[in-house]
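In the numbering used here, the protein residues as written are 7 to 395.
We treat Cβ as the ideally placed atom computed from N, Cα and C, and that holds for glycine.
Predicted, not measured: the structure shown is a model, and the values here were computed from it.
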Ligand SMILES: Cc1ncc(COP(=O)(O)O)c(C=O)c1O
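What follows is the structure, encoded as structure tokens:
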């Protein structure tokens, strides 16, 4: 049967994620040391799990309000105010979603129309471009370089704005590069967004995982609150990826539109997860600090280890990824990753999975134990040295 006729053209044309391919390859092998994972290796802190269990035992296993439990939205609103200094009305300006992933998807669905251009600084998280393509919109990559610290500048952005540009993506701290945009650069970018009447999706899912610098949100720049949709969630900071709990914060006029899709497609985020997240946003700061402290130690070990191998790296300031160049080895990023996996049983992700400007780089996740990191670095050093001989 010709099943292809049943699938839409947009779905058929979307390529599967390059990350998945490497997971599948690694899954077929024994004793792989994985530095490829995009999620915390820590278990969800017990008090968050207990809050969910308690709510379930008490019978709260029903649908919640479409926007999410009001107590949770109130807590998220306070949390956001502390984190980025912007206030959102918990009744109308916060929407609890099924992970940050849903938040990205429904924002694209609600805002993009066929032909609209969506600017995405690259290397970038794999979901943004497909979400635009599903709307028949046009994802436009803005390449950033290691020399620029993988940060978007207003000068670069200006070159990519056309009369069709509708939306800009900002992801700071960035997956996969770990780059963090500073306040001044964000303000410059913000001025251009206002001048050209652009909407911004600010994916701040890694906002708490930051080292030696401070997180700023473009929503806090003058004149930007009304044209920014902030995306975040519990997955990364609270080690809650499997709970599927994210949120959107945006002005009521925008959020009420986006919420229509959530209402029909998802109804609400899982209620037990909302209870766990309520505990996390209310009392979880200490748990986050402990994890950030550990990520910071691992980051130092990784950066030092990669430099000792002679690989060029721009020091990551956030998230839990390092993004070194492997161009000096003479291999492509894909060859490098495949051979490293096959010869040394170490899994990392080719940079080209995050767009053309990631070609020649690899993404290394330090959401892995210190022991795994030490062993993997040793094997990687052996591999790199063997290539240089
Ligand atoms: C930049 C970025 N945004 C959003 C997400 C989605 O996270 P979740 O759907 O688990 O909240 C991820 C997950 O890896 C990510 O790296």
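Pairing residue 129 with residue 65, the inter-Cα distance amounts to about 45 Å. Counting only residues of its own chain and dropping the five nearest sequence neighbours on each side, residue 257 has a CB closer than 6 Å to the CB of 232.
The shortest C-alpha to C-alpha distance from residue 199 to any of 159, 300 and 29 is the one to 159. Residue 381 and residue 39 have their C-alpha atoms some 8 Å from each other.
Taken in chain order, the whole beta strand (DSSP E) runs of length 3 or more contained in the region 203-254 are 205-209 and 234-239. For residue 369, the three-state secondary structure derived from DSSP is strand.
Residue side-chain check: residue 247 places its Cβ nearer than 6 Å to a non-hydrogen atom of ligand 1. Shown here for residue 297: same chain residues with a beta carbon closer than 7 Å to its own, the five before and five after excluded, namely 46, 48 and 245 in chain order.
DSSP places residue 181 in no alpha helix (DSSP H); its state is neither H nor E.
DSSP places residue 378 inside the alpha helix (DSSP H), whose first and last residues are 376-394.
If you check the CB distance, residue 371 and residue 43 come in under 7 Å. The region 102-115 and the region 247-263 touch, with three or more beta-carbon pairs separated by less than 8 Å.
The nearest non-hydrogen atom of ligand 1 is less than 6 Å from the C-beta of residue 131.
By a beta-carbon distance limit of 8 Å, residue 93 contacts residue 87. Their separation comes to about 5 Å. Going by C-alpha positions, residue 117 is about 17 Å away from residue 100.
Counting only the Cα atoms, residue 360 lies some 6 Å from residue 132. Residue 107 has its CB nearer than 6 Å to a heavy atom of ligand 1.
Between the region 180-200 and the region 152-170 there are three or more C-beta pairs closer than 8 Å, enough to call the two in contact. Cβ contact annotation for residue 83 (same chain, cutoff 6 Å, sequence separation greater than five): 94, 96 and 100, in chain order. For residue 166, the secondary structure class from DSSP, reduced to helix, strand or coil, is helix. For residue 40, the beta-bridge partners assigned by DSSP are 353. With a cut-off of 6 Å, the C-beta of residue 211 is classified as near ligand 1, since at least one heavy atom of the ligand falls inside that distance. Relative to the Cα of residue 385, the nearest Cα in the group 351, 336, 355 and 363 belongs to 351. The continuous stretches of alpha helix (DSSP H) do not include residue 127, which lies in the beta strand (DSSP E) extending over residues 123-128.
Per DSSP, residue 136 is one residue of the alpha helix (DSSP H) stretching across 134-139. By the Cβ-count criterion, residue 229 is exposed, with fewer than 16 other Cβ atoms from all chains shown falling within 10 Å of its own Cβ.
Just so you know, the alpha carbons of residue 239 and residue 211 end up roughly 6 Å apart.
With fewer than 16 neighbouring CB atoms inside 10 Å of its own CB, residue 142 falls in the exposed class. Distances from the CB of residue 177 to the heavy atoms of ligand 1 include at least one below 6 Å.
Restricting attention to 62, 22 and 73, the CA atom closest to the CA of residue 271 is found in 73. Per DSSP, the continuous alpha helix (DSSP H) segment holding residue 53 begins and ends at 52-63. With contacts defined by Cβ atoms closer than 7 Å, residue 329 and residue 291 do not form a contacting pair. By the CB criterion at 7 Å, residue 85 and residue 287 fall inside the cutoff. In the DSSP assignment, residue 297 falls outside any beta strand (DSSP E) and within the unbroken alpha helix (DSSP H) covering 291-314. In the DSSP assignment, residue 104 falls outside any beta strand (DSSP E), carrying neither H nor E.
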